[in-house]
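J.: These protein sequences, in sequence, are chains A and B.
Just so you know, we're using full-length UniProt numbering here: the first sequence kicks off at 1 and counts up by one.
Just so you know, we're using full-length UniProt numbering here: the second sequence kicks off at 1 and counts up by one.
My questions will all concern the structure given below.
There are 2 protein chains.
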Amino acid sequence: MPLSPPVLDRLRTLFPGDALLTAPADCAPYGRDDSKREALPDAVVLPTTHAQVLDLVRLCREHRLPLFARGRGTGTTGAAVPLGGGLVVGFERMNKILAIDADNRVAVVEPGVLNGDLQAAVAAHGFFWPPDPASAATCTVGGNIACNAGGPRAVKHGATRDNVLAVRAVAGSGEDFRFGKATSKAATGYDLARLMVGSEGTLALVTEATLKLVPLASARATLRATYVDIETAAAAVARIMAQPVTPCALEFMDDEALRLARLHGGEAIPVAGALLLIEVDGEADALPAAAEALAHAARGAGLIDLAIASDPRDVEAIWAARKALSPSLRSIAPKKINEDVVVPVSRLPALVAGLKAISARHGIPIVNFGHAGNGNVHVNLLYHPDDPAQAAQAPACLSAVFDLVLSLDGTLSGEHGIGLAKRPFMRRALDPVAIELMRRIKTQFDPDGILNPGKLLPD
Amino acid sequence: MPLSPPVLDRLRTLFPGDALLTAPADCAPYGRDDSKREALPDAVVLPTTHAQVLDLVRLCREHRLPLFARGRGTGTTGAAVPLGGGLVVGFERMNKILAIDADNRVAVVEPGVLNGDLQAAVAAHGFFWPPDPASAATCTVGGNIACNAGGPRAVKHGATRDNVLAVRAVAGSGEDFRFGKATSKAATGYDLARLMVGSEGTLALVTEATLKLVPLASARATLRATYVDIETAAAAVARIMAQPVTPCALEFMDDEALRLARLHGGEAIPVAGALLLIEVDGEADALPAAAEALAHAARGAGLIDLAIASDPRDVEAIWAARKALSPSLRSIAPKKINEDVVVPVSRLPALVAGLKAISARHGIPIVNFGHAGNGNVHVNLLYHPDDPAQAAQAPACLSAVFDLVLSLDGTLSGEHGIGLAKRPFMRRALDPVAIELMRRIKTQFDPDGILNPGKLLPD
């Protein structure tokens with residue numbers, strides 16, 4: 001059902017000139033995300049002010065028009081895809097950094113600021129914002145908030161939810177509100193700011209966020225440890241996390257991931273059952289002791305080799321394996337299903353063993369790497385959609401992956417969110433009463449269900 | 001309106017023997033908290049199982065009986081006081097530590113576990129749970145969750161909300177649910193666990209919590225810095241928080257607090273415009289560099305003296321000023337209103353200056369100390385309730401304190417919560433739409449308003 005002329009008139013008034021897109025060719029790019037799903041919205045609006053967003057939501061509510069918030073479409077779950085049509089609100093023009101307040105360790109931003117632009121701006125003041133997804137250069141802070149984005153630094157500094165102090169937002173009801181202050185502590189009512197984080201645009205549209213900044217360390221050391229198998233690597237992860245020097249990254253790759261990275265990146269990338277990348281940051285004087293504490297924890301049964309680097313070129317070499325991985329994944333199969341499941345750290349060996357069994361059973365290669373310190377594993381199912389046997393197996397294989405994760409007391413997503421991709425598994429993953437409470441919360445913020453319908457919560 | 005005989009019969013069946021108290025003399029101790037408010041409940045029940053709590057909430061909902069959750073009554077806001085009568089559910093018998101899982105850095109506990117008992121148990125595994133309120137020896141984890149308790153360690157490790165991963169709970173609707181996993185990352189639906197933290201028993205009764213543990217550091221150094229005034233001390237706080245070595249405590253006392261501590265604790269306690277206590281923990285080898293980084297940041301205009309201690313007796317001497325304070329407060333005035341306001345760190349000087357003006361205007365001494373790194377100040381109004389002039393001024397004085405805090409973009413509470421004490425100020429502090437959204441959320445969890453009625457949210 002296309003937009004009625006009166007609605008289009010209102011939209012034109014609200015979003016003059018090129019702030020309103022209606023031609024399908026203009027709208028189509030706003031209908032896709034990195035899940036490779038797509039749908040054509042009826043129109044796209046590109047607000048520059050909070051007031052426009054408020055008017056937009058009220059208009060959409062009045063006409064029961066579905067409204068889909070969008071950063072830059074780097075999400076991997078389809079959360080920003082306007083399934084069924086409606087309006088996309090793209091936040092790319094609300095991209096101002098409103099304040100960087102070093103004394104209070106906060107930045108105030110509009111939602112369309114790119115994560116990478118924010119990092120560059122606050123680095124000039126000696127700070128960073130902890131969320132550092134691989135897409136940092138092209139993803140927005142608003143999108144990070146929507147899906148509770150993480151990245152390697154989350155092991156020390158938490159994910160997005162741990163680093164948002166306050167929001168300004170417009171609920172689906174057409175009411176706007178502020179919640180939170182530029183303070184790192186508060187016990188004044190239900191925490192509506194944290195409730196927004198991870199809600200994927202289903203409750204409210206965030207138009208401003210106050211972010212917690214962390215001082216940049218002056219030095220960094222990187223360790224690369226290889227192990228005979230994932231069991232001994234996971235035991236090392238547990239030892240590392242049980243001692244007081246928290247690493248600022250604790251990444252892992254399984255044997256298959258290493259094999260592929262080596263194919264692509266060359267023989268400097270080691271052969272092993274598993275690899276850990278361990279980084280620690282701090283004051284230069286304190287770093288040798290900190291690195292040694294981590295090295296001590298990394299040593300143990302199953303260790304093949306341990307290398308410590310602080311020279312930037314040596315660090316680059318250590319990260320080479322991880323960076324060689326993404327292109328190599330693309331080279332072996334045209335289709336990749338990348339899920340970011342989480343399990344308790346101690347269940348990592350059972351997860352990887354179970355994934356190997358699932359891979360063999362379904363004839364679909366599975367490659368695993370990710371944020372070991374959080375138990376957050378990127379499980380990559382690699383297959384040829386043109387191979388009928390593999391294509392037919394893929395859904396059952398994915399379903400088996402989630403069953404495995406849930407049997408290990410894990411959860412569907414650590415940092416990508418649910419969107420469309422994992423919505424069919426929400427009933428398996430969550431307590432039915434918890435889902436029902438979420439649905440009731442949704443109804444209070446968005447009584448007519450106009451915000452991102454068909455996402456996150458199951459039918 | 002006393003409990004009807006059929007309800008009493010049901011309660012007796014549910015809570016046999018001494019698990020049900022009905023005699024006023026038995027019930028009275030369960031009607032008080034550390035706000036010095038009190039009310040007599042109609043009965044007190046002391047469950048030992050989740051199933052009992054579930055049956056209890058259903059019974060209360062059926063009969064529209066108000067139900068007040070209680071840990072050990074150490075709260076300072078009246079949040080646990082059964083105003084208007086009804087049932088108190090005391091969690092003191094649900095005090096089991098269900099699991100300490102070192103590999104996954106979590107503990108699973110019942111809500112009645114004392115914070116101090118938990119700390120002792122997890123310390124044996126090399127861990128601590130960050131919330132460390134002054135009442136740790138006698139307060140419960142359930143109470144910590146209810147009010148988002150903090151303490152000195154919050155400056156490095158966050159308050160309770162940052163350290164609860166999962167809950168089991170019974171909503172006021174009589175539905176029980178679990179939410180969250182023993183993982184430090186999750187992006188699977190709205191975060192109901194964090195929503196429970198700080199909700200003061202108004203949404204659900206938490207019957208089990210999965211807590212995030214942190215490894216104990218092997219060494220600690222303590223610095224004491226004195227400054228000519230609060231402005232220069234606050235500037236030092238900003239410098240300390242802007243460099244990468246995060247202290248594990250950053251406490252301050254104003255001039256009046258120091259003067260009183262010295263009266264009680266002796267002349268070893270320095271005379272100064274403000275004092276900072278700065279602690280840093282870590283590996284022994286790394287500690288001198290870390291302490292020097294903090295000392296460097298502490299130095300600057302206005303510094304009178306800086307002392308660094310690592311010997312436990314010297315550390316004790318440094319903390320003596322802070323510890324001498326509480327008894328001295330009691331000695332100068334029988335009545336103390338202790339508010340735990342928060343402002344952005346850079347506003348601390350304006351806060352303290354404003355508090356001095358308010359104190360002079362109302363003729364009520366105000367003494368300030370607290371968690372400077374979080375901008376979280378314990379503002380103590382000291383007065384004689386028998387002095388009619390002071391007693392008459394106290395409410396206006398308190399009101400002026402909150403007006404000041406809000407004018408500095410701060411908030412009512414950092415770690416005590418709202419309860420009864422700060423409820424009259426909620427409309428001043430929060431956006432009306434945010435309050436309305438909280439009220440709607442409350443209605444979804446507790447449709448008949450049986451859980452802790454008259455608390456937290458304004459009328």
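From the three backbone atoms N, C-alpha and C, an ideal C-beta is built for every residue, glycine too.
(1) When you compare only the Cα positions, how much space is there between B:A317 and B:T76?
(2) Counting C-beta neighbours from all protein chains within 10 Å, is the total for A:T49 16 or more, i.e. buried, or is it exposed?
(3) List the residues of chain A that B:V122 touches, going by C-beta distances under 7 angstroms, in chain order.
(4) Using the C-alpha atoms, what's the distance from B:S199 back to B:Y30?
(5) Of all the CB atoms in chain B, is at least one closer than 9 angstroms to the CB of A:P139?
(6) Once the 5 residues before and after A:R161 are set aside, which same chain residues still bring their CB inside 7 angstroms of it?
(7) Around the C-beta of B:K212, are 16 or more other C-beta atoms found within 10 angstroms, so that it is buried, or is it exposed?
(8) Touch check for the stretch 391-410 of chain B and the stretch 273-281 of chain B: three-plus C-beta pairs under 8 angstroms?
(9) Find the residues of chain B that neighbour A:C147, judging by a C-beta separation of less than 8 angstroms, and give them in chain order.
(10) Look up A:Y30 in the DSSP assignment and say whether it is helix, strand or coil.
(11) Would you call the CB atoms of B:G373 and B:I240 closer than 9 angstroms?
(12) Taking a contact to mean a Cβ-Cβ separation below 9 angstroms, would you say A:L165 touches A:F177 in this structure?
(13) Please go through the same chain and pick out, in chain order, the residues whose beta-carbon is closer than 6 angstroms to the beta-carbon of B:S4, but skip the five residues on each side of it.
(14) Taking all protein chains shown into account, do 16 or more other C-beta atoms lie within 10 angstroms of the C-beta of B:R61, making it buried, or fewer, making it exposed?
(15) Identify the contact partners of B:V345 in chain A, using a Cβ-Cβ distance below 7 angstroms as the criterion.
(16) Count the CB pairs spanning the stretch 212-227 of chain B and the stretch 280-299 of chain B that are closer than 8 angstroms, and state whether there are at least three.
(17) Are the stretch 241-256 of chain A and the stretch 303-311 of chain A in contact at 8 angstroms, needing three or more beta carbon pairs?
(18) Is the Cβ of B:V57 closer than 9 angstroms to any Cβ of chain A?
(19) In the DSSP assignment, the alpha helix (DSSP H) including residue 460 of chain B goes from what residue to what residue?
(20) Check whether the Cβ atoms of A:H371 and A:G414 sit closer than 9 angstroms, and answer yes or no.
(21) Any idea if A:A257 is buried or exposed, counting beta-carbon neighbours within 10 angstroms, 16 or more meaning buried?
(22) Checking contacts by CB at 9 angstroms: is B:Y227 closer than that to chain A?
(23) By Cβ distance, which residues of its chain are closer than 6 angstroms to A:V377, with the 5 residues on each side in sequence left out?
(24) Are the stretch 79-92 of chain B and the stretch 106-117 of chain B touching, with three or more C-beta to C-beta distances below 8 angstroms?
(25) Based on the DSSP secondary-structure assignment, which residues constitute the bridge partners of B:G370?
(26) In angstroms with no decimal places, state the Cα-to-Cα distance between A:A225 and A:R259.
(27) Can you list, in chain order, the residues of the stretch 367-383 of chain A whose Cβ is nearer than 7 angstroms to any Cβ on chain B?
(28) So what's residue 465 of chain B in DSSP terms, helix, strand or just coil?
(29) Measure from the C-beta of B:Q52 to each C-beta in chain A and report whether the shortest distance is under 9 angstroms.
(30) Identify the contact partners of A:L276 in chain B, using a Cβ-Cβ distance below 7 angstroms as the criterion.
(31) For B:S407, count neighbouring C-beta atoms within 10 Å of its own C-beta (all shown protein chains included) and say buried if the count is 16 or more, exposed if not.
(32) Just by C-beta distance, which residues in the stretch 288-312 of chain B are closer than 7 angstroms to chain A?
(33) Contact between the stretch 7-20 of chain A and the stretch 37-46 of chain A: three or more CB pairs below 8 angstroms?
(34) I need the boundaries of the beta strand (DSSP E) containing B:D9, first residue and last residue.
(35) In the DSSP output, what is A:D281 paired with across the bridge?
(36) I'd like to know whether the C-beta of B:T76 is nearer than 9 angstroms to at least one C-beta of chain A.
T.: To lay it out plainly:
(1) The sequence position of residue 317 of chain B within the second sequence is 317, counting from 1. The sequence position of residue 76 of chain B within the second sequence is 76, counting from 1. Cα to Cα, the separation comes out at about 28 angstroms.
(2) By one-based count along the first sequence, residue 49 of chain A stands at place 49. Exposed, because fewer than 16 other Cβ atoms sit within 10 Å of the Cβ of A:T49.
(3) In the second sequence, the residue the question calls residue 122 of chain B occupies position 122. Residues of chain A passing the Cβ test: none, with the nearest at roughly 12 angstroms.
(4) For the purposes of this step, residue 30 of chain B is identified with residue 30 of the second sequence, where counting begins at 1. For the purposes of this step, residue 199 of chain B is identified with residue 199 of the second sequence, where counting begins at 1. In a straight line, the C-alpha of B:Y30 is about 20 angstroms away from that of B:S199.
(5) Here residue 139 of chain A refers to the residue found at position 139 when the first sequence is read from its first residue. At residue 139 of chain A the sequence reads Cys, which differs from the Pro that was named. Chain B contact via Cβ: absent.
(6) As a working mapping, residue 161 of chain A is identified with position 161 in the first sequence. For A:R161, where only same-chain residues beyond five positions count, the Cβ hits under 7 angstroms are N148, R194, V197, G198.
(7) Numbered from its first residue, the second sequence carries residue 212 of chain B at position 212. Its Cβ being crowded by 16 or more others within 10 Å, B:K212 is buried.
(8) Taking 8 angstroms as the limit for Cβ pairs, the verdict is that the stretch 273-281 of chain B does not touch the stretch 391-410 of chain B.
(9) The residue you call residue 147 of chain A lines up with position 147 of the first sequence. Neighbourhood of A:C147 in chain B, by CB distance below 8 angstroms: A187, in chain order.
(10) Reading the first sequence from its first residue, position 30 is the one you call residue 30 of chain A. A:Y30 falls in the helix class under three-state DSSP.
(11) Taking the second sequence and counting its residues from 1, the one referred to as residue 373 of chain B is at position 373. Taking the second sequence and counting its residues from 1, the one referred to as residue 240 of chain B is at position 240. For B:G373 and B:I240, yes; Cβs fall inside 9 angstroms.
(12) Taking the first sequence and counting its residues from 1, the one referred to as residue 165 of chain A is at position 165. Taking the first sequence and counting its residues from 1, the one referred to as residue 177 of chain A is at position 177. Cβ atoms of A:L165 and A:F177: not closer than 9 angstroms.
(13) By 1-based counting over the second sequence, the position of residue 4 of chain B is 4. Same-chain partners within the cutoff: there are none.
(14) Within the second sequence, numbered from 1, the residue matching residue 61 of chain B stands at position 61. Flag for B:R61 reads buried.
(15) By 1-based counting over the second sequence, the position of residue 345 of chain B is 345. By Cβ distance, chain A contributes D103, N104.
(16) They touch, by the three-pair rule.
(17) Judged by pairs of C-beta atoms under 8 angstroms, the stretch 241-256 of chain A does not touch the stretch 303-311 of chain A, as fewer than three such pairs exist.
(18) On the second sequence, residue 57 of chain B is found 57 positions in, with the first residue counted as 1. Chain A has no Cβ within less than 9 angstroms of the Cβ of B:V57.
(19) Coverage of chain B is limited to positions 1 through 459, which leaves residue 460 of chain B absent and any answer about it impossible.
(20) Mapped onto the first sequence, residue 371 of chain A falls at position 371. Mapped onto the first sequence, residue 414 of chain A falls at position 414. Result yes, Cβ atoms of A:H371 and A:G414 sit closer than 9 angstroms.
(21) The sequence position of residue 257 of chain A within the first sequence is 257, counting from 1. It counts as buried.
(22) Here residue 227 of chain B refers to the residue found at position 227 of the second sequence. Closer than 9 angstroms to the CB of B:Y227 there is not a single CB belonging to chain A.
(23) Residue 377 of chain A sits at position 377 when you count from the first residue of the first sequence. Result list for A:V377: V341, N368, G370, in chain order.
(24) Touching, per the Cβ criterion.
(25) Within the second sequence, numbered from 1, the residue matching residue 370 of chain B stands at position 370. B:G370 pairs with B:F252, B:V377.
(26) The sequence position of residue 225 of chain A within the first sequence is 225, counting from 1. The sequence position of residue 259 of chain A within the first sequence is 259, counting from 1. Taking the straight line from one Cα to the other gives about 16 angstroms.
(27) The residues in question are N374, G375, N376.
(28) Nothing about residue 465 of chain B can be reported from this structure: the residues present for chain B run from 1 to 459 only.
(29) On the second sequence, residue 52 of chain B is found 52 positions in, with the first residue counted as 1. It does not: the Cβ of B:Q52 has no partner Cβ on chain A nearer than 9 angstroms.
(30) Counted from its first residue, the first sequence places residue 276 of chain A at position 276. Under the 7 angstroms cutoff, chain B gives no residues; its nearest Cβ is about 16 angstroms from A:L276.
(31) For the purposes of this step, residue 407 of chain B is taken as the residue at position 407 of the second sequence. Here B:S407 is exposed: its Cβ has fewer than 16 other Cβ atoms, across all protein chains shown, within 10 Å.
(32) For the stretch 288-312 of chain B, the beta-carbon criterion of a distance under 7 angstroms to any beta-carbon of chain A is satisfied by A289, A290, A293.
(33) By the Cβ test, the stretch 7-20 of chain A is in contact with the stretch 37-46 of chain A, since at least three Cβ pairs between them sit closer than 8 angstroms.
(34) Position 9 of the second sequence holds residue 9 of chain B. Looking at the DSSP string, B:D9 is not in any beta strand (DSSP E); the run it does join, the alpha helix (DSSP H), is 5-14.
(35) Walking along the first sequence from the start, residue 281 of chain A turns up at place 281. Beta-bridge pairing links A:D281 to A:R220.
(36) Taking the first residue of the second sequence as position 1, residue 76 of chain B is located at position 76. Not a single C-beta of chain A is nearer than 9 angstroms to the C-beta of B:T76.
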